[in-house]
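*Asks:*
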Amino acid sequence: MPGWMVVSCDYSDDDIRAREDYAACCCAVHNIALYLWEHGIGMKWTTGEVTRDHRFFKLLGMDYSQTYVVGLFWYGYPRTIPTQHRKPVAEVLSHVVSSPPEN
Ligand SMILES: Cc1cc2nc3c(=O)[nH]c(=O)nc-3n(C[C@H](O)[C@H](O)[C@H](O)COP(=O)(O)O)c2cc1C
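Residue numbering for the sequence shown follows the numbering used here, beginning at -11 and increasing consecutively.
So, in structure tokens, the structure goes:
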């Protein structure tokens, strides 16, 4: 495993802000994953117990009371690329707007 990346997010007292901050971090992660994959580097998202252990925060110099871990990401060049089995889009998409609504 050539590399590990940690993405963290600060807590917020404002519920909406907190949700948007988490969403923004997830978008950033997704963009990073797409960028890496363009260069043949795979990435795996993990949120195992270690990501909530205060010793992990100490190791990284992060404040346990101020921030939380969005993900610990393994990345590297894959030896093999697993095949994926996805549901057809029609099975998970219930409604598509095909034309803009009339005024
Ligand atoms: C928020 C989040 C947390 C995840 N945590 C773990 C984890 O702790 N352990 C793990 O093996 N995979 C974890 N994954 C990876 C998923 O299991 C899955 O492999 C990844 O999202 C790719 O999806 P796919 O299997 O549909 O291709 C996590 C994914 C997300 C989005």
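Cβ atoms here follow ideal geometry from the backbone N, Cα and C, with glycine treated the same way.
1) Could you check the C-alpha separation between Ala12 and Ser(-4) for me, to the nearest Å?
2) Can you tell which of Tyr56, Lys75, Arg40 and Trp33 has its C-alpha closest to the C-alpha of Ser0?
3) Examine the Cβ distances between the region 58 to 65 and the region 20 to 30 and report whether three or more of them are shorter than 8 Å.
4) Given this structure, state the Cα-to-Cα distance separating Asp51 from Ser87, to the nearest angstrom.
5) Exposed or buried, what is Val38 when buried is set at 16 or more other beta-carbons lying within 10 Å of its beta-carbon?
6) Which runs of the beta strand (DSSP E) fall wholly inside the region 14 to 82 and span at least 3 residues, in chain order?
*Replies:* A quick look at the data gives this:
1) 11 Å
2) Tyr56
3) yes
4) 49 Å
5) exposed
6) 30 to 34 and 55 to 64
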